[in-house]
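Let me begin by presenting the structure, written as structure tokens, before commenting on it.
In our numbering, the protein residues as written are 1 to 283.
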């Protein structure tokens with residue numbers, strides 16, 4: 001069977017995560033994924049047929065002690081499918097998400113649906129009891145990749161902000177700005193602003209995508225403009241964004257492919273600025 005991959009657009013996350021146009025999803029009655037690091041081994045097993053699994057279980061062995069978890073999510077219950085969207089995707093990871101302490105186990109799940117959703121589950125051992133607690137974060141459509149971006153700081157979740165999907169145009173023309181999430185102290189934290197060089201690279205690619213829209217006379221340009229503006233706002237370039245948007249309004253370059261249902265021109269700018277403030281991109 002086939003599942004559509006991550007949204008393969010111009011942003012940094014597309015270059016890092018998206019590997020092919022279509023990815024074969026195994027239609028199997030049972031399968032196993034495993035990962036080992038140090039004295040920790042994690043094995044994910046499941047049955048069923050895509051897109052609904054049956055009896056998904058995670059077995060964690062740490063220093064000879066075995067813990068078996070019946071995998072469940074508030075987004076897909078006991079029927080989550082492993083996220084196999086990228087070729088060679090490991091599905092289960094044994095990694096260090098914090099600066100110190102014991103290793104964590106990360107499980108990549110897919111909730112099902114036409115455009116949804118990548119769910120990352122973290123199984124973190126307690127400092128004293130050693131018992132594993134489960135946490136989860138729904139990254140939505142863009143998918144996610146574990147990356148070590150700062151030496152000694154542990155892996156982070158590299159993704160894109162799914163709230164921009166459909167915000168100003170259809171999904172295919174929506175730009176999703178960079179999003180980086182760190183798990184620490186039992187919670188997920190948006191740490192994107194801690195990586196200004198990656199934000200700048202992402203913004204450059206969205207601006208390039210906007211200028212390439214000239215080939216179609218900017219018939220559907222607001223999606224990528226919104227992603228660029230979000231990246232630039234995270235860098236503190238609020239005035240630069242405002243000047244750019246006003247210049248493009250006067251040139252007639254800010255248009256939505258969903259007119260009259262989604263705003264274009266100055267109405268788009270007003271809607272975008274409100275959206276950016278509401279979602280915390282402007283401080």
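Beta carbons: idealized from backbone N, C-alpha and C, even for Gly. Quick caveat: nothing in here was measured; it's all calculated off a predicted structure.
In whole angstroms, give me the CA-to-CA distance for residue i and residue j.
i	j	result
residue 278	residue 271	11 Å
residue 167	residue 160	14 Å
residue 15	residue 189	Note that residue 15 scores a pLDDT of 46, beneath 50, so its modelled location is shaky and nothing firm can be said.
residue 262	residue 78	37 Å
residue 96	residue 176	27 Å
residue 253	residue 232	19 Å
residue 187	residue 84	25 Å
residue 275	residue 35	40 Å
residue 111	residue 135	16 Å
residue 214	residue 251	11 Å
residue 155	residue 183	9 Å
residue 90	residue 152	22 Å
residue 41	residue 173	41 Å
residue 178	residue 209	15 Å
residue 171	residue 236	27 Å
residue 72	residue 56	8 Å
residue 52	residue 81	6 Å
residue 197	residue 226	19 Å
residue 239	residue 200	16 Å
residue 99	residue 147	14 Å
residue 194	residue 150	10 Å
residue 113	residue 181	23 Å
residue 37	residue 191	26 Å
residue 46	residue 281	40 Å
residue 107	residue 273	36 Å
residue 283	residue 234	9 Å
residue 75	residue 137	10 Å
How would you label residue i, buried or exposed, when you count the other beta carbons within 10 angstroms and need 16 or more for buried?
i	result
residue 121	buried
residue 118	buried
residue 93	buried
residue 104	buried
residue 32	exposed
residue 63	exposed
residue 125	buried
residue 12	Below a pLDDT of 50, predicted positions are generally treated as unreliable, and residue 12, at 48, falls in that range; no measurement from the model is reported.
residue 246	exposed
residue 70	exposed
residue 165	buried
Given residue i, which residues of its chain have a CB within under 6 Å of its CB, disregarding the five upstream and five downstream residues?
i	result
residue 67	60, 132
residue 203	228, 231, 232
residue 43	34, 59
Looking only at its own chain, which residues have a Cβ that is under 7 Å from the Cβ of residue i, when we skip the five neighbours before and after it?
i	result
residue 255	218, 219, 220, 221, 222, 264
residue 162	139, 140, 141, 142, 176
residue 39	62, 63
residue 249	265, 266, 269
residue 185	none
residue 207	228
Less than 8 Å between the CB of residue i and some heavy atom of the ligand ATP, yes or no?
i	result
residue 153	Absence of the ligand ATP is noted for the structure shown, with no ligands found whatsoever.
Can you give me the Cβ contacts of residue i inside the same chain, cut-off strictly under 8 Å, excluding the 5 residues immediately before and after it?
i	result
residue 169	220, 222, 223, 256, 257, 258, 262
| task | Please go through the stretch 74 to 154 and give each complete beta strand (DSSP E) segment of 3 or more residues, from N-terminal end onward. | result | 92 to 95, 104 to 110, 118 to 125, 132 to 140, 145 to 147
| task | Run through the stretch 170 to 198 for me and flag every whole beta strand (DSSP E) of 3 or more residues, listed as ranges in chain order. | result | 178 to 184, 187 to 190
| alpha helix (DSSP H) runs wholly inside the stretch 225 to 256, at least 4 long, in chain order | 238 to 251
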